[in-house]
Each structure stands twice: as structure tokens, then as C-alpha cells.
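Asker: I'd like to ask you about the structure that follows.
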Amino acid sequence: MSSQERADHAGPVIVRGRHILCGIDGDDRAELHAGGALLVTGGHIAGFGSFEQLSTAHPAAQVFGSAGDIVMPGLVNAHHHTGLTPLQHGTPFLPLELWLPRFIGWRTVDPYLDTLYSAIEMVESGVTAVQHIHGGPTGPREGWLAAPDAIMRAYRDIGMRASYSFMWRDRNRFVYGAQEAFLGSLPPELRAPLEGMISTTPSAVGELAAHFEALHDRFGMAEDGLSCVQLAPANLQWCTLESLVAQRKLAEHYDVGLRMHLLETPYQRHFAAMDTGGSAVRHLSDLGLLGPKMTIGHGIWCTEADIDLLASTGTCVCHNASSGLRLRSGVAPVKEFQQAGITVALGIDQAGINDDRDMVQEMRVAWNLQRSPGHDFEPLSERQIFRMATENGAATTGFGALIGRLEVGRAADIVIVDGALLSRPYLDGDTDIVSALVQRAKCGMIRDVLIDGRAVLRDGKLAAIDKEAVLAELETALQRPPTEAEQARRALATALHPYLQAFYRDWPMPAPETGFRSFNARY
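Quick note on the numbering used here: the sequence shown kicks off at 2 and runs consecutively.
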């Protein structure tokens, strides 16, 4: 199915289950319709009732689910970047500052196939909406829209809801500050290609603003609600003051959200102190960038004062649990965020703990990471984690009023979990159903996925995309020998490593007592 061939909504759809999990209320209670069904018309939820009532009133309706299944809102991956993972590209997981420059050594991959690859994994794990954070434009300006077009076409073709943003960067491409000094420390054979990359990466604020406006014209909130566009100031160390102010004005003018990587590592906190004389969060507040339209990605190294400021301004946070572990960035203070009243979403970032895009697994990782030792420590509940992966994620993507819960008037983004598989061989009747989903569910238990009322996954099979054909096409494309340019970039990325280590060697680490999670490790 191509993006031009999406069929109009057929007749009514009935979704039934043993439990219909509509969402989590403000008191951390699951909102359940036991043994019921819901009616979908025109891509939206039209009502609830018993299966007998709805099927009698709509005898021609297509039926999804069974009397033993669990019906729940679609999951939202609120932070996503690429298809093939860094590990698949041959990049070992290192601390972030040493890891990101390795990306210049990646093979060239068709962005359409690359996006489809990760979209397949997301749909199979119950993800119905994604915040795609693209690396941004490079090369001649006339080609800047090619990659976004391919990315969004992939989401259209598989049937996913997607919010697009690109990482707006206009300084410090390879290190945090002192870029000229860093380049000057390199031998000519390393410095010259890096300078070439910098020269072909757009950094003029006016050019990047025009690029956003072109994207907004193309993908801004579509009539069917399947696409929208947000702004993504990449991070404090990568954005000039001028560009931050420009993005705030664009967000206000176009009424779109912003999402910004921030305080992911201790080195980013140190840079903020050097660059602004204080806190990164306070700096953004002074610029008028905080508020309900801003989502901070990671926030691992927030202080108590930062958390208070995020809460008082209504700023959201996206937690990326696996990413913090794999990159050794740390564990975000998610419990403290929640206690302060901050809306916390959940994202997988580049790849989850199993090097894939399994959102069910990511919920489990996030839940376990917030369970410190001690009888008096009260961890996050499974219901809080589930809400992060549904309603809270929706709130940060631009689709918040449309998805994230199962209620009349909202879009029919619905996941059906095979209840027999979830409980096999036994699940006590007193077991909380949300606890069972977060702690036991696996991708193979997700049987059906509806997005906008259309079946995207039916009986575990993709409806519009041939998964094996996509994988085969990627395999064929990457079985060719690396080009000379790819080999040169890989060699450059590897050769840079000791110089990057030297650049950060004397940067201080925060004192252990400033962290929120100690577990039982010796510092």
C-alpha cells in the first residue's frame, strides 16, 4: 500500500476483550471496562457497551479481539531517531560524547527502508505513534526535503501516526565548546574532513527556520491527524542563543511543541555551568522556552532546583531508560519528576535494551530502574509507567488531544493483547492487569494493532507492509562492499576517538551525593 492508496474507513468496527483498559486516572487507578466492547466508526471511538449489545446493533461490523483478550490504548514512543541501530552500524556503545562522533562512519542507507525497519519493530510491540527526531539537513539545500519525505512516507505506508522534528544545531558539531581549539589539535588528515563536514552542514538561523517552515507546510497537522511537526533544538551545547530564541518564536507563531535533549550526561551539566554560569534549565527558563509545549529529553542530571523549575512551568520530560544504561549516562530521577507533578513520557531513543524497538520491554526496564533498595522506598507503580507510555507520551508528540486513552471521541489507536498467552500457564485472578502487562507482556502476545481505526497488525501480521521484503531489501543494499567514501568516514571516526578522550579528560564528574539513584554500588 502506498501513501496515496490509504482506503477510506470501511464500516463500523467492534473491539472486544475480557478487560478494556481505557487509561490510568489521576489517582493511579486503572480505568477498566470488564468483559465489554467498544465501537469504532470513522476512525474514532464512538461508544462502549457489551459485545452482545454492540454486535446486535451493528451486525455487519468487523470484529477484533475475543472474550479473553486485553484491549488497551496504543503505546507512544516519544523519542526515536533511526532504523538500523548504532550497533548494527558497527558503532560500539560508548559514553555519549565519544559515541556520537562515531556516527560519521555509518553506511549510507535509504531513509525510507531505514524508517520502515524500525516502524515494523514498533508496530509489533504495540506502538501506534512516534516522535521521530531526525538528524537534520545536510548537503545542498535543494535536497534537504528528500530525507523527511522518505521518512514520513514510510510511516504513512505502514499506517503509523508520526510527529516529525529535526535536530536544529548551529554550533559545536563535534565537541562541547572550544571547537576551533579542538580542530586545531588534530593532525591535518583528520582536521580537513571535519572542517568539510562543518562547511556542508547548514547553521544559519534563517536557513534552518525556512527549512522548518517548509516541513510544517508539508507535514503540519494533517486532516487525518496522522502527521504533525515539532521543533527540536538539539541541546544547549549545540544551539546558539540566537537559534534558541528563533525556535521559541517559531513555536509560538505556528503553535507547535518543542523537544530538546538536555542534561543527558554529567558533561552536559558541566558545559551548561561554563556556558551560562549556572543551570541549563534556568537558562531555558530565562529565555522563555519552558512550559507545557516543551519536552526535555533525558534530564538525567537535573538537580532538585531544576526539577522544581520544570514542574512550576509545566514542562514535560521524556525518559529514555535503556539509553541511559547502554551509554552509561545514568538513571533519570523519574520518581522525583512524578512526585513534583511533571508529565513524564517514555521513549526508546536509538534502541532499547535488546537493541530493538520493543516498547513493551522498555516499560519493564523503566519500571525496574526506579526500584531502589530499602523497605521504606516507594517505587513507581506499573500504572505510572503505563501512563508514561500512553497518555503522557501522547501529550508530548502533538497528538495529545487525539490519542493516549480509549474514550469516546478519541482516535481509535488500539492494541489487543492475547489474554491467553499473557496468562499461560496461569495468572491468578487477583493479579492486577496493568502489573501483568508491564511485567509479563511480550511482543509475541500483541495480536492486533489498530491506528485511526484501521488494522495495521492483524493476527500478528502486518497489514500493509511485507516485512520480509523490507528486510531482504535492506540486506541486499548493505551486502555491497563499502564505498571508498564510507571506508574513509569509518577510518576517520575511529581515528578521532583518542582526541575526543583527551578533550574531555579533565572535565569534572559531579559528586556522588548529587545523584538521585545510588543502588548499592561503590563510587
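We treat Cβ as the ideally placed atom computed from N, Cα and C, and that holds for glycine.
How far does the beta strand (DSSP E) with GLU32 in it extend, from its first residue to its last?
Answerer: Counting from 1 along the sequence shown, the entry for residue 32 is found at position 31. Taken as a continuous stretch (DSSP letters only), the beta strand (DSSP E) holding GLU32 covers 31–35.
Asker: To the nearest angstrom, how far is the alpha carbon of LEU184 from that of ARG192?
Answerer: As a working note, residue 184 is residue 183 in the sequence shown. As a working note, residue 192 is residue 191 in the sequence shown. So the two alpha carbons sit approximately 6 Å from each other.
Asker: Cα-Cα, which of GLN340, ILE452, PHE504 and ASP507 is closest to LEU76?
Answerer: Against the sequence shown, residue 76 aligns to sequence position 75. Among GLN340, ILE452, PHE504 and ASP507, the Cα nearest to that of LEU76 belongs to ILE452.
Asker: For LEU403 and GLY221, what's the separation of their Cα atoms in angstroms?
Answerer: What you label residue 403 is simply residue 402 of the sequence shown in a count that begins at 1. What you label residue 221 is simply residue 220 of the sequence shown in a count that begins at 1. Roughly 15 Å between the two C-alpha positions.
Asker: Do you know offhand how far ASP150's Cα is from THR201's?
Answerer: For the purposes of this step, residue 150 is taken as residue 149 along the sequence shown, with counting starting at 1. For the purposes of this step, residue 201 is taken as residue 200 along the sequence shown, with counting starting at 1. One C-alpha to the other measures close to 20 Å.
Asker: Using beta-carbon positions only, say whether GLY137 and MET161 come within less than 8 Å of one another.
Answerer: As a first step, residue 137 is located in the sequence shown; it is residue number 136 there, counting from the start. As a first step, residue 161 is located in the sequence shown; it is residue number 160 there, counting from the start. It is not a contact, given that the beta carbons lie outside the stated cut-off.
Asker: Are the CB atoms of VAL418 and ILE71 within a distance shorter than 8 Å?
Answerer: For this step, residue 71 is matched to residue 70 along the sequence shown. For this step, residue 418 is matched to residue 417 along the sequence shown. Closer than 8 Å, so yes.
Asker: Between VAL318 and ILE349, is the Cβ-Cβ spacing less than 8 Å?
Answerer: Taking the first residue of the sequence shown as position 1, residue 318 is located at position 317. Taking the first residue of the sequence shown as position 1, residue 349 is located at position 348. No. Outside cutoff.
Asker: For the putative contact between GLY461 and ARG448, defined by C-beta atoms under 8 Å, what is the C-beta separation to the nearest angstrom?
Answerer: As a position in the sequence shown, residue 461 is number 460, starting the count at 1. As a position in the sequence shown, residue 448 is number 447, starting the count at 1. At roughly 6 Å, the Cβ-Cβ gap stays under 8 Å, so GLY461 and ARG448 are in contact.
Asker: Taking just the CA atoms, how far does ASP359 sit from GLY91?
Answerer: Residue mapping note: residue 91 aligns to position 90 of the sequence shown, counting from 1. Residue mapping note: residue 359 aligns to position 358 of the sequence shown, counting from 1. Whole-angstrom Cα-Cα distance: 21 Å.
Asker: If you follow the alpha helix (DSSP H) that PHE400 is in, where does it begin and where does it stop?
Answerer: The residue labelled residue 400 in the question sits at position 399 within the sequence shown. Premise fails: PHE400 is in no alpha helix (DSSP H) and is neither H nor E.
Asker: Can you tell which of ALA58, ALA421 and HIS212 has the C-alpha that lies nearest to the C-alpha of ALA147?
Answerer: Within the sequence shown, numbered from 1, the residue matching residue 147 stands at position 146. The shortest C-alpha separation from ALA147 is found at HIS212.
Asker: Measuring straight from C-alpha to C-alpha, what distance separates ALA210 and GLU143?
Answerer: For this step, residue 210 is matched to residue 209 along the sequence shown. For this step, residue 143 is matched to residue 142 along the sequence shown. Using only the alpha carbons, I get a separation of about 15 Å.
Asker: Reducing DSSP to helix, strand and coil, say where ARG455 ends up.
Answerer: To locate residue 455, count along the sequence shown from 1; it is residue 454. It is a strand residue.
Asker: If PHE387 sits next to ILE159, beta carbons under 8 Å apart, how far is it from one beta carbon to the other, in whole angstroms?
Answerer: The sequence position of residue 387 within the sequence shown is 386, counting from 1. The sequence position of residue 159 within the sequence shown is 158, counting from 1. That belief does not hold up - the Cβ atoms of PHE387 and ILE159 are roughly 24 Å apart, past 8 Å.
Asker: Counting C-beta neighbours from all protein chains within 10 Å, is the total for ALA378 16 or more, i.e. buried, or is it exposed?
Answerer: Position 377 of the sequence shown, counted from the first residue, corresponds to residue 378. The sequence shown places Phe at residue 378, rather than the Ala named in the question. Under this definition PHE378 is an exposed residue.
Asker: Report the rounded CA-to-CA distance for GLY289 versus GLU243, giving the unit in angstroms.
Answerer: Walking along the sequence shown from the start, residue 289 turns up at place 288. Walking along the sequence shown from the start, residue 243 turns up at place 242. C-alpha separation (whole angstroms): 13 Å.
Asker: How big is the Cα-Cα spacing for GLN89 and SER324?
Answerer: Here residue 89 refers to the residue found at position 88 when the sequence shown is read from its first residue. Here residue 324 refers to the residue found at position 323 when the sequence shown is read from its first residue. Taking the straight line joining both Cα atoms gives about 16 Å.
Asker: Does the structure place the segment 419–438 close enough to the segment 337–345 that three or more beta carbon pairs sit under 8 Å?
Answerer: Result no; under three Cβ-Cβ pairs closer than 8 Å.
Asker: Is ALA367 near the ligand FAD - that is, is its Cβ less than 7 Å away from at least one heavy atom of it?
Answerer: The ligand FAD is not part of this structure, which contains no ligands at all.
Asker: Once DSSP output is grouped into helix, strand and coil, what is the label at ALA478?
Answerer: Taking the first residue of the sequence shown as 1, we reach residue 478 at position 477. Note: ALA478 maps to helix in three-state DSSP.
Asker: Using 8 Å as the cut-off, can you tell me whether the segment 24–40 makes contact with the segment 404–418, which would need three or more C-beta pairs spanning the two stretches below that distance?
Answerer: In short, these stretches touch, since the Cβ pair count reaches three.
Asker: Please work out which residues of its chain come closer than 8 Å, Cβ to Cβ, to TYR165, disregarding the five sequence neighbours upstream and downstream, and give them in chain order.
Answerer: By 1-based counting over the sequence shown, the position of residue 165 is 164. Here the set comprises HIS133, HIS135, PRO149, ILE152, MET153, LEU216, PHE220, SER228, CYS229, VAL230 and GLN231.
Asker: Leaving out five residues on either side along the sequence, give the residues of the same chain with a beta carbon under 6 Å from the beta carbon of TYR177.
Answerer: The residue you call residue 177 lines up with position 176 of the sequence shown. Closer than 6 Å at the Cβ level, and outside the excluded window around TYR177, lie GLN238 and PHE272.
Asker: Report the start-end ranges of each beta strand (DSSP E) in the segment 379–450 that is 3 residues or longer and not cut off at the edges.
Answerer: Complete beta strand (DSSP E) runs here, min 3: 415–418.
Asker: Tell me which residues share the same chain as GLN5 and place their Cβ nearer than 8 Å to its Cβ, disregarding the 5 neighbours each side in the sequence.
Answerer: Here residue 5 is taken as the residue at index 4 of the sequence shown, counted from 1. Bear in mind that a pLDDT of 37 at GLN5, under 50, signals an unreliable position, so the number given afterwards is only what the model happens to contain. There are no such residues.
Asker: Starting from the N-terminal side, write out each stretch of the alpha helix (DSSP H) that is 4 residues or longer and does not extend beyond the segment 50–122.
Answerer: Listed in chain order, the complete alpha helix (DSSP H) runs (minimum 4 residues) inside the segment 50–122 are 52–58 and 97–100.
Asker: Within 10 angstroms of its Cβ, does GLY207 collect 16 or more other Cβ (buried), or is it exposed?
Answerer: To locate residue 207, count along the sequence shown from 1; it is residue 206. Under this definition GLY207 is an exposed residue.
Asker: Give the DSSP-derived three-state secondary structure of THR314 in the structure shown.
Answerer: Residue numbering aside, residue 314 sits at position 313 when the sequence shown is read from its first letter. Of the three classes helix, strand and coil, the one that applies to THR314 here is helix, per DSSP.
Asker: For ASP429, count neighbouring C-beta atoms within 10 Å of its own C-beta (all shown protein chains included) and say buried if the count is 16 or more, exposed if not.
Answerer: For the purposes of this step, residue 429 is identified with residue 428 of the sequence shown, where counting begins at 1. Burial call: exposed.
Asker: Excluding sequence positions up to five away, which residues of its chain have a Cβ less than 7 Å from the Cβ of TYR268?
Answerer: Along the sequence shown, read from residue 1 onward, the residue named residue 268 stands at position 267. Result list for TYR268: GLU98, TYR177, TYR505 and TRP508, in chain order.
Asker: For the beta strand (DSSP E) containing TYR165, name the first residue and the last one.
Answerer: As a first step, residue 165 must be located in the sequence shown, where it is residue number 164. Run containing TYR165: 162–169, per the beta strand (DSSP E) assignment.
Asker: Going by DSSP, what residue range makes up the beta strand (DSSP E) through SER228?
Answerer: For the purposes of this step, residue 228 is taken as the residue at position 227 of the sequence shown. First-last of the beta strand (DSSP E) with SER228: 228–230.
Asker: Checking the sheet assignment: what are the DSSP bridge partners for ALA130?
Answerer: What you label residue 130 is simply residue 129 of the sequence shown in a count that begins at 1. Looking at the DSSP assignment, ALA130 forms a beta bridge with VAL77 and ARG162.
Asker: Report the rounded CA-to-CA distance for GLY84 versus LEU326, giving the unit in angstroms.
Answerer: Counting from 1 along the sequence shown, the entry for residue 84 is found at position 83. Counting from 1 along the sequence shown, the entry for residue 326 is found at position 325. Each residue's alpha carbon lies about 20 Å from the other.
Asker: I'd like the list of long-range same chain contacts for ALA333, defined as Cβ closer than 7 Å, with 5 residues on each side in sequence excluded.
Answerer: Along the sequence shown, one-based indexing puts residue 333 at 332. For ALA333, where only same-chain residues beyond five positions count, the Cβ hits under 7 Å are HIS299, GLY300, ILE301, HIS320 and GLY325.
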